[in-house]
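> Those sequence lines, one after another, are chains A and B.
Quick note on this note's numbering: the first sequence kicks off at 655 and runs consecutively.
Quick note on this note's numbering: the second sequence kicks off at 1219 and runs consecutively.
Beta carbons are placed, not taken as given, at the ideal position from N, Cα and C, and that holds for glycine.
Computed from a predicted structure; not experimentally measured.
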Amino acid sequence: MPELFLAGGTVLDATGTRRAHVRVVDGMVVETGDGIEAGPRAQVLDASAAVVCPGLVDLHTHLRQPGNEEAETVESGSRAGALGGYTALVAMPNTDPPIDSAAVVRQVLELGRASLCEVAVAGAITMGRAGERLAPLAEMAEMGVRLFTDDGAGVQDGRLMRRALEYALPLGITLAQHCEDASLAAGSVMNEGEWSSRLGLPGQPAEAEELMVMRDIALARMTGGRLHFLHLSTAGSVAMVGAAKAQGLAVTAEATPHHLALTESCLSGYDPNFKVNPPLRTERDRAAVRRGLADGVIDAIATDHAPHTQEAKEMPLDQAPPGMVGLETALAVAHTELCSGEGPLMSLAELLAALTWRPAAIAGLHTRHGGPIEAGRPANLCVFDPTARWRVDPEAMATRSRNSPFGGREMTGRVRHTIRAGEAVVIDGQAQR
Amino acid sequence: MTSLLAVEDLGATGIREVLRLADSFVEVSERAIPRVPALRGRTVATVFFEDSTRTRLSFETAAKRLSADTMTFSVSTSSVNKGESLRDTVETVAAMGIDAMIVRHRSAGVPWQVSRWIDASIINAGDGWHEHPTQALLDCYTVRQALGRDDPFPGLRVAIVGDIKHSRVARSNVAAFSALGARVTLVAPPTLMPPSLEGWPVEVSHDLDAVLADTDVVYLLRIQAERMNEALFPSLREYSARYGMTRERAGRLCSSALIMHPGPMNRGVEIAAEVSSLPNSLITRQVTNGVAVRMAVLFRLLGAPEASEALVAHA
Chain A
655 MPELFLAGGT VLDATGTRRA HVRVVDGMVV ETGDGIEAGP RAQVLDASAA
705 VVCPGLVDLH THLRQPGNEE AETVESGSRA GALGGYTALV AMPNTDPPID
755 SAAVVRQVLE LGRASLCEVA VAGAITMGRA GERLAPLAEM AEMGVRLFTD
805 DGAGVQDGRL MRRALEYALP LGITLAQHCE DASLAAGSVM NEGEWSSRLG
855 LPGQPAEAEE LMVMRDIALA RMTGGRLHFL HLSTAGSVAM VGAAKAQGLA
905 VTAEATPHHL ALTESCLSGY DPNFKVNPPL RTERDRAAVR RGLADGVIDA
955 IATDHAPHTQ EAKEMPLDQA PPGMVGLETA LAVAHTELCS GEGPLMSLAE
1005 LLAALTWRPA AIAGLHTRHG GPIEAGRPAN LCVFDPTARW RVDPEAMATR
1055 SRNSPFGGRE MTGRVRHTIR AGEAVVIDGQ AQR
Chain B
1219 MTSLLAVEDL GATGIREVLR LADSFVEVSE RAIPRVPALR GRTVATVFFE
1269 DSTRTRLSFE TAAKRLSADT MTFSVSTSSV NKGESLRDTV ETVAAMGIDA
1319 MIVRHRSAGV PWQVSRWIDA SIINAGDGWH EHPTQALLDC YTVRQALGRD
1369 DPFPGLRVAI VGDIKHSRVA RSNVAAFSAL GARVTLVAPP TLMPPSLEGW
1419 PVEVSHDLDA VLADTDVVYL LRIQAERMNE ALFPSLREYS ARYGMTRERA
1469 GRLCSSALIM HPGPMNRGVE IAAEVSSLPN SLITRQVTNG VAVRMAVLFR
1519 LLGAPEASEA LVAHA
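Here's what the structure looks like:
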């Protein structure tokens, strides 16, 4: 692999910010500094007026393979990830068959081996994600799986969730919960409230999420187990997780770019691209999620990238599947929403913490991703231009699906290059393979 | 205006225009040959993904009396049963060359989705729990006709009783009656109310007996028996005892009060059989007026503007 030289950028990592070029050889950062020079045969990439940061880590990606390759494959999803600045993705287990055994873990890891991002896998907590019997957590943990979830559904049975947390203790793994009480959410299309009432759509109340957050905090306290809350969407959830953290419980949480940016009123035109689970909530909830992120109650931004075919998203709203693609817009959306405009909510360094080193630690990927940019570290990097302005065009995306809620929106900040294990997989916004 | 998806599309002015246009079409409907050439050469398709008797017949009769060509698509005989998608289905119908598509679907929002895919005018003939604008227009027309005044609505006290939460008729009627200045009260147990009434120009009551004496129009909604399975009320008997329009309750209405129902009725549940045939019950007139009101809507969407002025002037 040729030497790579990132020239003229501002390096930003967990240790701070500095003007520095970055030299990469054989997949590793070998030298950084203001005065260093590129080797004679180096591939030089322009990083001027841009930030060189650790590659992004997504805790929550639906790659759809095996089973729904029409919507996404490991390859296409990884390409979308690389274009979004990601160097590692955690693939969710709600595939067909689900990732609930070593065999399917192996299959997905194998598919990811040559892709543009490192693909890690989240295993299912229960067999078939059916919420009835424990999946072989230890067997999957031995293959390096660090996160387990039945995402798409919450584990409804309190006793089973308790057992899972207890059984997980010696395995050093984290259970991730999709918090949704199935009975309160049954049949819902969107958030329950002003807009669902007006639009004549069945809604799910915030309490459907909050009841399970409340139960799981109690179970985490009881068992001492490590628990990660997926895609928090309500003010009440954020408040409860904040209180649990203040008590020292081993809980972490994520929020999605769409819950930071959008509200339930987006459904007013009955466009299924705004149907997602958990649903877009009220302005008050959105503000609380944003504040939770700024306060550190929410550790990470995760995409919940959920590709669906055009045909699926052209069904009537109540029949169309929930979900939005997000890998190619996450950083730009979060940056536009939180770091730009008047009165930004957080600094770029704080935003990148939520997109790189904190999720890397939650996913157990911190030895290769999210670490400081210094000699001797694996070169998984993103070069981000925080001032570039562009308009989202779902038709131009690398994901196989087009179900973005941000089509046509103006963004501030764009990924310029992505370096994965020393290889420039994205240069000037173009995937290289 | 190119489509009629929701009452809001018309506004108070538009509603009043439709009501006045309907006056002239009522007159047409009473002729020996109830037909005018207003929409000759135009093609209107009814595309119903949900069963309906009166609404479809009413629209088709309206289109024929305007001399439009009509096309009928119904789900039971169509390739939807072969798995054809919603979009393919409506695009296929549109490809036949149509000027308007009248859409009914059990899912809220389908007319909005369809309007993004095809160029024809779309008329919402009922979408899920959401809207049924022509029902609200014919209801307003029927009240106006019964009271014999051009604008009887300001201050008129309208009580809508029953399953508000799941009712497109209720949503459209709240919008239409309140736009015209009526005071709307929703009457239902809390489980049959929408979860939020934020922004709705209504008052709320859970006690039908308390509102009876102060009501000019009682509008009863159909109760579906399957709602019992969702724990929304214990039994039809208990519902009927608390919210049904019994003979006894009808007797406590003021003498000029009107009784309405969009049909089909569950006699003995939301309305007693003998109440539906009282002289102040407008239920049959609602059906009759449906044709003229839908003629007015079709004419307003598809007719030539100068023809519209001439017709109104003639009337």
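1. Which term fits ALA1294/B, buried or exposed, when burial requires 16 or more other beta carbons within 10 angstroms of its beta carbon?
2. Using C-beta distances below 6 Å, list every residue in its chain close to ARG1238/B, excluding the 5 sequence neighbours before and after it, in chain order.
3. Using a Cβ-Cβ cut-off of less than 9 Å, list which residues of the segment 848 to 862 of chain A approach chain B; keep chain order.
4. Restricting to Cα atoms, I'd like to know which of SER887/A, ALA661/A and GLU982/A is closest to ARG1152/A.
5. So HIS1323/B contacts chain A; which residues on that side make the cut at Cβ distance below 8 Å?
6. Would you kindly work out how many angstroms separate the C-alpha atoms of LEU903/A and GLY878/A, rounded to a whole number?
7. Please return the same chain residues whose Cβ sits closer than 7 Å to the Cβ of ALA1533/B, not counting the five positions on each side in sequence.
8. Distance cutoff 8 Å, beta carbons only. Does TYR924/A sit that close to anything in chain B?
9. In the DSSP assignment, find the unbroken alpha helix (DSSP H) run with GLN1204/B in it and report its ends.
10. With burial defined as no fewer than 16 other Cβ atoms inside 10 Å of the residue's Cβ, what is the status of GLY1101/A: buried or exposed?
11. Express the C-alpha separation of GLU786/A and ASP811/A in angstroms, rounding to a whole number.
12. What first and last residue would you give for the beta strand (DSSP E) that runs through THR906/A?
13. What is the DSSP secondary structure of THR1010/A, reduced to helix, strand or coil?
14. So is THR957/A in contact with chain B if we call contact Cβ pairs under 8 Å?
15. In angstroms with no decimal places, state the Cα-to-Cα distance between GLY689/A and ASP958/A.
16. Please list, in chain order, the chain B residues whose beta carbon lies closer than 7 Å to that of GLU918/A.
17. On the three-pair Cβ rule with 8 Å, is the segment 1075 to 1083 of chain A touching the segment 989 to 1007 of chain A?
18. With DSSP collapsed to three states, give me the class of ASN1391/B.
19. Note down, in chain order, every chain B residue with its Cβ under 7 Å from the Cβ of GLN810/A.
20. Taking 8 Å as the CB-CB cut-off, is THR1220/B touching chain A?
21. Would DSSP call GLY1469/B helix, strand or coil?
22. At a Cβ threshold of 8 Å, is GLU846/A touching chain B?
23. What does ILE827/A pair with, by DSSP beta-bridge criteria?
24. Looking at ALA1312/B and the ligand ZN, is the gap between the Cβ and the nearest heavy atom below 7 Å?
25. Starting from TRP1044/A, follow the beta strand (DSSP E) in both directions and report where the run begins and ends.
26. From ARG945/A, THR1053/A and GLN697/A, pick the residue whose C-alpha is nearest to that of LEU658/A; which is it?
27. Going by the beta-carbon positions, is the gap between ASP939/A and ALA897/A smaller than 8 Å?
28. Show which residues of chain A have a CB atom less than 8 Å away from the CB atom of SER1303/B.
29. When DSSP labels each residue in this structure, what does TYR924/A get in the three-state scheme?
30. Are the C-beta of VAL1328/B and some C-beta of chain A separated by less than 8 Å?
31. State the beta-bridge partners of TYR1461/B as determined by DSSP.
32. Quick one: give me the first and last residue of the beta strand (DSSP E) that LEU1374/B is part of.
33. What's the C-alpha gap between PRO1255/B and ILE1501/B?
34. Between the segment 776 to 783 of chain A and the segment 733 to 753 of chain A, do three or more beta carbon pairs fall short of 8 Å?
35. For the alpha helix (DSSP H) that ILE1501/B lies in, which residues bound it at each end?
36. Helix, strand or coil, according to DSSP, for VAL1328/B in the structure here?
Looking at the atomic coordinates:
1. In the sequence under discussion, the amino acid at residue 1294/B is Ser, which differs from the Ala named in the question. Exposed, because fewer than 16 other Cβ atoms sit within 10 Å of the Cβ of SER1294/B.
2. When the five nearest sequence neighbours on each side are left out, no beta carbon in the same chain lies closer than 6 Å to the beta carbon of ARG1238/B.
3. GLU848, TRP849, SER850, SER851, ARG852, LEU853, GLY854, LEU855, PRO856, GLY857 and PRO859
4. Because chain A in this structure spans residues 655 to 1087, residue 1152/A falls outside the shown range and cannot be described.
5. PRO970
6. 7 Å
7. Only weak support is given to the placement of ALA1533/B: the predicted model assigns it a pLDDT of 44, under 50, and the value that follows is read from those uncertain coordinates. The answer, listed in chain order, is ASP1241, SER1242 and GLU1245.
8. yes
9. Outside the shown range of chain B, which is 1219 to 1533, sits residue 1204/B, and nothing can be said about it.
10. Limits of chain A in this structure are 655 at one end and 1087 at the other, which puts residue 1101/A out of reach.
11. 8 Å
12. 905 to 909
13. coil
14. It does not; no Cβ of chain B falls within 8 Å.
15. 41 Å
16. In chain order: nothing, as chain B lies at least about 11 Å away.
17. No: fewer than three Cβ pairs fall under 8 Å.
18. helix
19. Simply none; closest approach about 19 Å.
20. Residue contact check for THR1220/B against chain A: no CB pair falls below 8 Å.
21. In this structure, GLY1469/B counts as helix in the three-state DSSP scheme.
22. Yes, GLU846/A counts as interfacial toward chain B.
23. In the DSSP secondary-structure assignment, ILE827/A is not bridged to any residue.
24. Absence of the ligand ZN is noted for the structure shown, with no ligands found whatsoever.
25. 1035 to 1045
26. Comparing Cα positions, the closest option is GLN697/A.
27. no
28. Residues of chain A passing the Cβ test: GLU965, GLU968 and MET969.
29. Reduced to three states, the DSSP call for TYR924/A is coil.
30. Output row for VAL1328/B: interface = yes.
31. Paired residue(s): none; TYR1461/B is not in a bridge.
32. Note, LEU1374/B: premise wrong, no beta strand (DSSP E); not H, not E.
33. 30 Å
34. yes
35. 1501 to 1520
36. helix
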